[in-house]
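Worksheet for the structure shown next.
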């Protein structure tokens, strides 16, 4: 599976689970940590944990990919490392505090609607 195909699976899963304010950042040529970073919000710690868990389960069940998950216990900020796509799911207040997209945003960022285009 290419990183672009993996990104589509991730975005579809986030969309299915009602994640909000989904932002995709292209890291190719800018970082060795992965090809894409996806940042999304859930309305509560419960939704944040569910979004992360369902994404990891879908990747494992449907594509045989194991993901590393960190932060699910507190579910303020959950990181899902799929290898080529790094996913951050935040509660809105925590996302506002860290402003992760501002650090990585330059020209390669798109919103979900533009990425789906």
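Numbering (this note's numbering), first residue to last: 30 to 146.
Quick reminder that beta carbons are idealized off the backbone N, C-alpha and C, glycines included.
The structure presented is a predicted model; accordingly, all values stated were derived computationally and were not measured.
Assuming residue 115 and residue 63 form a contact by the criterion Cβ under 8 Å, report the distance between their Cβ atoms to the nearest whole angstrom. 5 Å
Taking just the CA atoms, how far does residue 78 sit from residue 65? 21 Å
Do the segment 31-48 and the segment 80-91 touch if we need at least three Cβ pairs shorter than 8 Å? yes
8 Å contact criterion, which residue 73 and residue 120 should meet: CB distance rounded: 7 Å
Roughly how many angstroms separate the alpha carbons of residue 56 and residue 117, rounded to a whole number? 14 Å
Burial state of residue 95 (16 or more Cβ within 10 Å): exposed
What is the rounded straight-line gap between the Cα of residue 69 and the Cα of residue 133? 14 Å
In this structure, does DSSP put residue 85 in helix, strand or coil? helix
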